[in-house]
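Asks:
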Amino acid sequence: MFTKLPWMLVGSLLLITCAHNDNISENENLLDTLVTGTTDNIEEFIDFPSNIRMILPTQYRKEGTGYPRDVEGNSWLEFYKDKKSKQWKIGEAKLNTSYGFDECVGLDIMIIKSQHENAIFFFTPFSGLSEELVTLIEDKNLYPTQQLDILLNGQKFEFSAQGNVLNEETGKPFTQDEIKERSEADWVGSTIQEYSIQYTTNEGVFSLVKIPLLEGSDPNIVWIGDMNGDGIPDLILNAPSFYEGEHTYFFLSDPTDKDKPIKMVSEAEVMNDC
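In my numbering, the protein residues as written are 6 to 279.
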């Protein structure tokens, strides 16, 4: 069984160059409380996390997307890949916020980053996270008709994608046979209608996500693995509706739900088209 992390969550954030560390003592040992063991503690995973907020490490326009609210008033965790160990991790996020001006669109912006340049997203804490993440797949595009097979704790999981890929010349969808005949490189930057991912287990076939339109963007499986130690895959998907945007989906397993064992915890979308 994993031991608990000796980390300390800090509810303070860095705003431009000013440090706000008044709440350090109040958040001491918070992450220890949130971290559980592995499959031995499945019975403790009762309530699926709700009202989880996500923020992406990018710029936000004052008009349009708007600035994220209550950035300073929350503690944040981050999902990132450690440069030294090359391992994916969840840790305390020390956010840095700064402000500027986007010359491309002529709008004021807020920029949010952390100490890890390759952080994928930030999220408000919830219980049930394991100390060590099990990584199975990372940075893999999943286009219609493609399938990803994984084996976790002796059980096989199949993730498959469906959708209508438009032919740019005719404006009509390719047939399923035409899609299968093309190489993956042919799909980069395609327009996909009615994109969806489903997964198959020994228990049946389940729907993961449905996205009406992907315009010039590539559906990317950022990560598949196990982050709550229950032997069921968790998943991070980036699939923006437009190629100049970002839309990250956070899916977590729920061993208590036999009808939908993997479901979305939260999502975050930012559009920064020029």
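For glycine and all other residues, C-beta sits at the position ideal for the given N, C-alpha and C.
What you are looking at is a predicted structure, and each value in this text was computed from that prediction instead of being measured.
Report the start-end ranges of each beta strand (DSSP E) in the region 147–181 that is 3 residues or longer and not cut off at the edges.
Replies: For the region 147–181, whole beta strand (DSSP E) runs of length 3 or above, ordered along the chain, are 152–157, 160–170.
Asks: Does the Cβ-Cβ distance between M59 and F126 come in under 7 Å?
Replies: It is a contact, given that the beta carbons lie within the stated cut-off.
Asks: Taking the runs of the alpha helix (DSSP H) that are 4 residues or longer, which of them lie wholly in the region 183–231?
Replies: For the region 183–231, not a single whole alpha helix (DSSP H) run of length 4 or above is found.
Asks: Could you name the residues of the same chain whose beta carbon sits closer than 8 Å to that of N225, not counting the 5 residues immediately before and after it, in chain order?
Replies: D144, K145, N146, L147, L242, N243, A244, listed in sequence order.
Asks: Ends of the beta strand (DSSP E) at I241?
Replies: That run of the beta strand (DSSP E) goes 239–243.
Asks: Quick test of the definition: if touching needs 3 or more C-beta pairs under 8 Å, does the region 90–104 touch the region 156–167?
Replies: No, the region 90–104 does not touch the region 156–167.
Asks: Contact defined as beta carbons within less than 8 Å: I believe F211 pairs with Y204. What is the distance between those atoms, to the nearest angstrom?
Replies: Sure, about 6 Å apart at Cβ, within 8 Å.
Asks: So which of K263, E274, F256 has the shortest CA-CA distance to S55?
Replies: It is F256 whose Cα lies nearest to the Cα of S55.
Asks: For C109, collect the residues of the same chain with a Cβ closer than 8 Å to its Cβ; drop the 5 residues on either side in sequence, then sort them by chain order.
Replies: Excluding positions up to five away in sequence, the list reads C279.
Asks: In the structure shown, what three-state DSSP assignment does R66 receive?
Replies: DSSP places R66 in strand when its eight states are reduced to three.
Asks: Return the chain-ordered list of same chain residues with a C-beta closer than 8 Å to the C-beta of I67, the five sequence neighbours on each side being excluded.
Replies: Strictly speaking, residue 67 in this sequence is Lys, with Ile absent from that position. Counting only Cβ-Cβ distances below 8 Å, and skipping sequence neighbours, we find L112, D113, I114, M115.
Asks: How far does the beta strand (DSSP E) with E97 in it reach, from first residue to last?
Replies: Note, E97: beta strand (DSSP E), 93–97.
Asks: Assign G105 to one of two classes, buried (16 or more other C-beta atoms within 10 Å of its C-beta) or exposed (fewer than that).
Replies: Classification of G105: exposed, given that the 10 Å Cβ count is below 16.
Asks: Should S280 be labelled buried (16 or more other beta-carbon atoms within 10 Å of its own) or exposed?
Replies: Past the edges of the chain, shown from 6 to 279, lies residue 280, and the structure says nothing about it.
Asks: For the beta strand (DSSP E) that A273 lies in, which residues bound it at each end?
Replies: Here the beta strand (DSSP E) through A273 covers 267–276.
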